Structure formats: C-alpha cells, structure tokens
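So the mapping is simple: my numbering equals the position in the sequence shown, first residue as 1, plus 716.
All residues carry an ideal CB built from backbone N, CA and C; glycine is no exception.
Fair warning: this is a prediction, and the values are worked out from it, not measured in the lab.
Have a look at the structure below, then the notes.
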Amino acid sequence: MFLMLDVPSREADEELAQHVTYVHMHNKHPETGDTAVIFSPNEVRQFVARARTYRPTVPREVSDYMVGAYVRMRRQQKKDEANKRQFSHVTPRTLLGVIRISQALARLRFSDTVVTDDVDEALRLVEVSKASLDNEQNGEGDHTPSSKIYNLIRGMRESGAAAAEDGQEGELSLRRVRQRVLAKGFTEDQLTKTIQEYQDLDVWQITGNGTRLLFVELDGFDDDMDI
C-alpha cells in the first residue's frame, strides 16, 4: 500500500488544471509529444486477459531466496527496534505479499515460473511502499541523485533484494545493484559517483574484486545519512 497525498504544488496544480480544462474544451487528451508507445484500452485488456491465464509457481531455489530475504527483513526490524529507530513490522503477511507480487510480475512476463528478479522487484516495491509513509512522517525528501541512489541501495540491503549469494550480512551483489539503479533512470556515472562518495564516508566498502558492496555497520550512522 502506497501513501498518496494531494499536497499543494504550484507547478503540479497548474499542469493538472491545464489538462482538465483542455479535455473539457476539446473532448480529447492533449498531445504530449512523447514518442513512447501508448496502448489503447482494448490492448491493455487483451494483455491483462492473457496474463491471467498463467499460474506461476515458485521453484525451490527461488523459495530459498525468499526465505533468506524474509529472515533478513526480520533481523533488520529487530535491529532497528533495539536502536530505537523508526521501523515497520515484518510479519508472515509481508512474506505472503512478496510471494503474490512476485507471481504477478511473472504473469506480466507471460511465465509460469517465478525468478529471483521477480522477487527482487517485489521486495523493492514493499520497501518503497514503506518509504512513501516514512518520507511524509519525517518531512524528508531526496534532492540529489547521490542521495536518491544511496537510499535505493540502502532499501535493497534492508529488504534483502540484491543480497550476494553466500555473502555476509549487509553484502550486496554489485551486478544486481547496478541493474536496479540503472532501471530507475540513473546513469552509470551517477552510480559510480555515489559509490565512491559513500565509500569515502566509510558507509560501505567494495569487496569481492569489485563484484560486491558491503555496508559498514555503524549504529545510528544510517539515520544521519537520510538526506
């Protein structure tokens, strides 16, 4: 569940008002000039109908990956609670939500099998849904690409997404981190700059001959890094 608030914003309010008035004046949506493909309602209905015909199952190795992620989320909750940080409860319902989202993502691929990438995306969605509430409560927001990328990577650590196989706690696969960050629209240069910036601050270290990112555990430090 995502928290969505109608927060007054001059720019956003003007854009919405212009869109609504244009539709009422011309009985059609304004041309956006965007070259992206736009699907018709009928095409979307056909896509959804086909996706619903699939019944994805979870293979053993993916099930083990889910279990590991759930255990890490529970461990992180316990650690945050002990350090009196803000935390959200992780329950078996959380795991059930991850499973259902993973299966839904597999359906979108027209697949009968859930893969680890589906689980990673499900974990990310769970994490950002909580962040949507945290940001409103704390009055905090991301302003720079570096802080946004840092919070994205930290979310992957807390949720267990991108965890390095056979790695120690807090160690992430740089390959998966890179895939996730670039998929969010950031550039390779921005990622490299962020990694170096927070490495200089001793927030994390690069290990495994440049293939893994390891968070340095310093109690309370993460709270100070929310910018």
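CA-to-CA distance, residue j to residue i, given in whole angstroms
{"i": "Gly855", "j": "Asn799", "result": "Because the pLDDT of Gly855 is 48, which lies under 50, any placement of that residue in the model is unreliable, and the question is left without a value."}
{"i": "His745", "j": "Arg768", "result": "30 Å"}
{"i": "Val753", "j": "Ala822", "result": "22 Å"}
{"i": "Gln792", "j": "Trp920", "result": "17 Å"}
{"i": "Thr910", "j": "Glu747", "result": "37 Å"}
{"i": "Ala728", "j": "Tyr738", "result": "15 Å"}
Contact under 8 Å by Cβ, residue i with residue j
{"i": "Ala899", "j": "Leu888", "result": "no"}
{"i": "Gly871", "j": "Leu930", "result": "no"}
{"i": "Gly876", "j": "Gly784", "result": "yes"}
{"i": "Val842", "j": "Tyr781", "result": "no"}
{"i": "Val774", "j": "Ile817", "result": "no"}
{"i": "Thr829", "j": "Pro772", "result": "yes"}
Outcome for residue i when other beta-carbon atoms lying within 10 angstroms are tallied against a minimum of 16
{"i": "Asp938", "result": "Note that Asp938 scores a pLDDT of 47, beneath 50, so its modelled location is shaky and nothing firm can be said."}
{"i": "Ser756", "result": "exposed"}
{"i": "Ser725", "result": "exposed"}
{"i": "Pro838", "result": "Per the sequence shown, the amino acid found at residue 838 is Ala instead of Pro. Label assigned to Ala838: buried."}
{"i": "Val778", "result": "buried"}
{"i": "Val893", "result": "buried"}
{"i": "Glu759", "result": "exposed"}
{"i": "Glu731", "result": "exposed"}
{"i": "Leu721", "result": "exposed"}
Limits of the unbroken beta strand (DSSP E) element including residue i
{"i": "Ile922", "result": "Trp920 to Thr923"}
{"i": "Phe902", "result": "No beta strand (DSSP E) holds Phe902; DSSP gives it neither H nor E."}
{"i": "Ser756", "result": "Segment: none, Ser756 is in no beta strand (DSSP E) and carries neither H nor E."}
{"i": "Arg928", "result": "Arg928 to Phe931"}
Selected residue, minimal CA-CA separation from residue i, among the options
{"i": "Met789", "options": "Thr748, Glu797, Val774 and Val806", "result": "Val806"}
{"i": "Val844", "options": "Asn743, Thr860, Asp828 and Leu868", "result": "Leu868"}
{"i": "Ser862", "options": "Glu913, Glu874 and Leu824", "result": "Glu913"}
{"i": "Arg928", "options": "Leu917, Asp882, Glu904 and Arg825", "result": "Asp882"}
{"i": "Arg840", "options": "Asp918, Tyr786 and Val723", "result": "Tyr786"}
{"i": "Thr860", "options": "Leu907, Arg896, Gln895 and Val831", "result": "Leu907"}
{"i": "Phe763", "options": "Glu904, Val831 and Phe826", "result": "Phe826"}
Residue i: CB within 7 Å of a non-hydrogen atom of the ligand MG
{"i": "Gln819", "result": "Annotation note on the ligand MG: not contained in the displayed structure, which lists no ligands."}
Residue span of the alpha helix (DSSP H) that contains residue i, given as start and end
{"i": "Thr881", "result": "Inspection of the sequence shows that residue 881 is occupied by Glu rather than by Thr. That residue, Glu881, is in no alpha helix (DSSP H); it is neither H nor E in DSSP."}
{"i": "Leu812", "result": "Pro808 to Leu824"}
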